[in-house]
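Below is one structure; the comments refer to it alone.
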Amino acid sequence: QWLSDRKKRALQKKDVDIRRRIELIQDFEMPTVSTKIKVSRDGQYIMAVGTYKPRIRCFDTYQLSQKFERCLDSEVVTFEILSDDYSKIVFLQCDRFVEFHSQHGHYYRTRIPKFGRDFSYHYPSCDLYFVGASSEVYRLNLEQGRFLNSLQTDASESNVCDINPVHFLFAMGTVEGKVECWDPRTRNRVGLLDCALSSVTADTEIDGLPSISALKFDGALNMAVGTSTGQVLLYDLRSSNPLIVKDHHYGLPIKSIQFQRQLDLIISADSRIIKMWNKDTGKIFTSMEPEYDINDVCLYPNSGMLMTANEAPKMNIYYIPVLGPAPKWCSFLDNLTEELEENPESTVYDDYKFVTRKDLENLGLAHLIGSSLLRAYMHGFFMDIRLYHKAKMMANPFAYEEYRREKIRQKIEETRAQRVQLKKLPKVNKELALKLIEEEGEEQQLTRKRKQKNLPNLLKDDRFKVMFENPDFQVDEQSEEFRLLNPLVSKISEKRKRKLKILEELEAQEQEEEEEPEGKASDAESSESSDDEKGWVEEVRKQRKLLRQEEKVKRQERFKEDQQTLLKPQFFEIKEGEEFRSFKDSAKKQKLMKKTLGDRLKLEEKLGTLNVSDTTVGSKQATFKLKKSEQQKKQQEAEKQHRQERKTLRRSASHLKSKRGRGRLF
Numbered sequence: 095q096w097l098s099d100r101k102k103r104a105l106q107k108k109d110v111d112i113r114r115r116i117e118l119i120q121d122f123e124m125p126t127v128s129t130k131i132k133v134s135r136d137g138q139y140i141m142a143v144g145t146y147k148p149r150i151r152c153f154d155t156y157q158l159s160q161k162f163e164r165c166l167d168s169e170v171v172t173f174e175i176l177s178d179d180y181s182k183i184v185f186l187q188c189d190r191f192v193e194f195h196s197q198h199g200h201y202y203r204t205r206i207p208k209f210g211r212d213f214s215y216h217y218p219s220c221d222l223y224f225v226g227a228s229s230e231v232y233r234l235n236l237e238q239g240r241f242l243n244s245l246q247t248d249a250s251e252s253n254v255c256d257i258n259p260v261h262f263l264f265a266m267g268t269v270e271g272k273v274e275c276w277d278p279r280t281r282n283r284v285g286l287l288d289c290a291l292s293s294v295t296a297d298t299e300i301d302g303l304p305s306i307s308a309l310k311f312d313g314a315l316n317m318a319v320g321t322s323t324g325q326v327l328l329y330d331l332r333s334s335n336p337l338i339v340k341d342h343h344y345g346l347p348i349k350s351i352q353f354q355r356q357l358d359l360i361i362s363a364d365s366r367i368i369k370m371w372n373k374d375t376g377k378i379f380t381s382m383e384p385e386y387d388i389n390d391v392c393l394y395p396n397s398g399m400l401m402t403a404n405e406a407p408k409m410n411i412y413y414i415p416v417l418g419p420a421p422k423w424c425s426f427l428d429n430l431t432e433e434l435e436e437n438p439e440s441t442v443y444d445d446y447k448f449v450t451r452k453d454l455e456n457l458g459l460a461h462l463i464g465s466s467l468l469r470a471y472m473h474g475f476f477m478d479i480r481l482y483h484k485a486k487m488m489a490n491p492f493a494y495e496e497y498r499r500e501k502i503r504q505k506i507e508e509t510r511a512q513r514v515q516l517k518k519l520p521k522v523n524k525e526l527a528l529k530l531i532e533e534e535g536e537e538q539q540l541t542r543k544r545k546q547k548n549l550p551n552l553l554k555d556d557r558f559k560v561m562f563e564n565p566d567f568q569v570d571e572q573s574e575e576f577r578l579l580n581p582l583v584s585k586i587s588e589k590r591k592r593k594l595k596i597l598e599e600l601e602a603q604e605q606e607e608e609e610e611p612e613g614k615a616s617d618a619e620s621s622e623s624s625d626d627e628k629g630w631v632e633e634v635r636k637q638r639k640l641l642r643q644e645e646k647v648k649r650q651e652r653f654k655e656d657q658q659t660l661l662k663p664q665f666f667e668i669k670e671g672e673e674f675r676s677f678k679d680s681a682k683k684q685k686l687m688k689k690t691l692g693d694r695l696k697l698e699e700k701l702g703t704l705n706v707s708d709t710t711v712g713s714k715q716a717t718f719k720l721k722k723s724e725q726q727k728k729q730q731e732a733e734k735q736h737r738q739e740r741k742t743l744r745r746s747a748s749h750l751k752s753k754r755g756r757g758r759l760f
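To convert a position in the sequence shown, counted from 1, into the working numbering, add 94.
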């Protein structure tokens, strides 16, 4: 918004984001300045007046564009929409004329005795009440088409007026800082509020007598009053004392007051800032400070949309989702705001530099605070990037030398990139990484010639990243498996290199258009492969012999160590609640737990419960027998005892029978 129109147009050609920005209503602007803005009761039409030349523009929200434009003879002070749509409009002009417009255009024009500043329409009696540079309130009846008797007030001049939408009480704000309330039925004054006295509190500083600059009813009992010194007073009509006094702290007259009923907020605006605050507590909800001075604020009914008339051609539209939903004619704004909340993007200002107060002091530009060269924003300021660079050069004269060194360093790095670069090997599995790098280079050459896609590499794959970082994954070259498989791996790599050489030779021969008899390469390859297999078998046998010899040496060393060790008596304490079985069982368990898996397997192999044998490929095969648990052993012992008891019983029974038989014989 700080850029000129020419620069904005240039940015629109380059920047895609600017081109995607939404213009909610097409040509929603005035030639120079907009003074008043209002919405019709049906919500379809937005009307705004401005200069120059004095005119009114009507925008159709259903078409999102301008419906018509009418030029006037003089500037409009304020206007009122009498109908639900744009068919009946009344304009109060600065030359004392009151102009009526119908659907087709200009309808009638009349004049009031004194210069008017505001007017209100009384619906039950069809009367227009005009206030201005006079102590009288002029009444114009639209049904009879004539002026009625004026209301005589105690004020010298009046600034604003309003009619309560519930009980139609007429209120007017005077230059003396008072609010007079009149009953239109009896044409008598029913109340007087001294707002100037109530607006002066302990915290406020006032230069002159505060006059009434804004007035707005809310429901039947509440009324908000704005003063020319920047205070907003909220009244209950049953009391002469304000419920709350809110100060804008700018000392500027309040231009507009609106009520937001969904969140119980009051939206008050002076020419510099729009403040939203709670009407019960006075706590600030949010505030907006546009670049240009504000002339009027209009809240679109039953929504979170806010429109402002400014001292600039462009009329601003704000959408705050917290206040309410988007109007039905622009319901897509809700989806856009949800997407923006899900995907927040940071804004970058290319033409401006954000600096804090400390940065300004370091640059020696603290005296520019308050001038047009610095724009206050949050906890710092925005300044032109060219001014920032100039000030930095003045403050740090050696910045050019640093910049020069940086450029030289970048040039050196570019030249280094053209040289042959040595790839850094990882700390773990260096030989494996070197082998993968060589294989990758060979595959890249093949893919370039054959125009194929590159295959994934283990070094670049995150799944195998730990294999080259964690030392636990280091390949043990002294292990049996590696020594038995190493001849195979080395022969496979040699075989691959030979195949690559053969393929390169064949491609070179094809380019030279030299034909060779078929089957020659395959015979050579088969003979070479048979030689490789024989050599591999011999190397595997050698490695197995070496492994057996090393195992014998290790066994002898362990046997010597066992003989040299001396057993020392150890004492153990039994815990409470445990039964003592034997030292041997606990000692055996502790020893087994301390030993490695390999040692345990060897022990079981000695006991005969495990049998380990080598296979032809180089792997090992293990067969084992399951040990019986203590419960199973107890069950077996009990069964044995039971069998023995039964045998003894059978023997005794047979012995008794034989004795009885002998007695009978005798």
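Beta carbons are placed, not taken as given, at the ideal position from N, Cα and C, and that holds for glycine.
Inter-residue spacing [alpha-carbon to alpha-carbon] between residue i and residue j
| i | j | result |
| --- | --- | --- |
| G398 | P415 | 6 Å |
| E632 | K696 | 28 Å |
| D556 | V522 | 15 Å |
| Y413 | K373 | 21 Å |
| L743 | Q729 | 21 Å |
| L640 | D656 | 25 Å |
| P125 | A493 | 47 Å |
| I506 | K554 | 27 Å |
| K688 | R694 | 10 Å |
| L166 | W276 | 33 Å |
| Q735 | Q726 | 14 Å |
| T155 | W423 | 6 Å |
6 Å CB neighbourhood of residue i in its chain, flanking five on each side removed
| i | result |
| --- | --- |
| C152 | Y139, M141, K161, F162, Y180 |
| S771 | The structure shown has nothing for residue 771, since the chain only spans 95 to 760. |
| T247 | S229, E274 |
| G418 | Q356, S397, G398 |
| K377 | none |
| E619 | Below a pLDDT of 50, predicted positions are generally treated as unreliable, and E619, at 44, falls in that range; the measurement from the model is reported next regardless. Nothing listed; no residue qualifies. |
| D221 | R233, N235 |
Buried or exposed by the 16-neighbour rule on C-beta atoms within 10 Å, applied to residue i
| i | result |
| --- | --- |
| P384 | buried |
| Q187 | buried |
| Y223 | buried |
| M561 | buried |
| S196 | exposed |
| S46 | Here the chain has residues from 95 to 760 only, and residue 46 is not among them. |
| F653 | exposed |
| L516 | Residue placement at L516 cannot be trusted, given a pLDDT of 48 that sits under 50; the coordinates are not used to answer. |
| K447 | buried |
| N410 | buried |
| A403 | buried |
| M401 | buried |
| T717 | exposed |
| Q354 | buried |
Boundaries of the beta strand (DSSP E) in which residue i is found, first to last residue
| i | result |
| --- | --- |
| A290 | No beta strand (DSSP E) holds A290; the alpha helix (DSSP H) holding it covers 289-293. |
| I306 | 306-312 |
| M779 | For the chain, the structure presents residues 95 to 760; residue 779 sits outside this window and is missing. |
| M561 | Neither: M561 is in no beta strand (DSSP E) and is coded neither H nor E. |
| V522 | Counting along the chain, V522 falls outside any beta strand (DSSP E), and DSSP gives it neither H nor E. |
| L186 | 183-187 |
Neighbourhood of residue i by C-beta distance below 7 Å, restricted to the same chain and skipping five residues each side
| i | result |
| --- | --- |
| H198 | none |
| K636 | none |
| I206 | R190, V192, F224, Y232 |
Enclosing alpha helix (DSSP H) for residue i [first to last residue]
| i | result |
| --- | --- |
| D693 | 691-701 |
| Y215 | That residue, Y215, is in no alpha helix (DSSP H); its beta strand (DSSP E) goes 210-216. |
| I348 | First-last for I348: 348-354, but that is the beta strand (DSSP E), not the alpha helix (DSSP H). |
| E455 | 451-457 |
When the options are compared against residue i, the one with the closest alpha-carbon
| i | options | result |
| --- | --- | --- |
| Q157 | T690, E117, D708, S196 | E117 |
| D212 | R203, G376, K130 | K130 |
| I351 | H343, I361, G345 | I361 |
| F311 | V294, T450, T402, G267 | G267 |
| V127 | Y146, H749, I119, V260 | Y146 |
| A363 | V319, P421, G210 | V319 |
| P395 | G137, K208, N490 | G137 |
| L314 | L528, V449, H261 | This sequence places Ala at residue 314; Leu is not what is there. When only C-alpha atoms are compared, the closest one is H261. |
| F264 | N253, R281, E270 | R281 |
| V143 | A406, A104, K741 | A406 |
| N258 | D330, N243, C289 | D330 |
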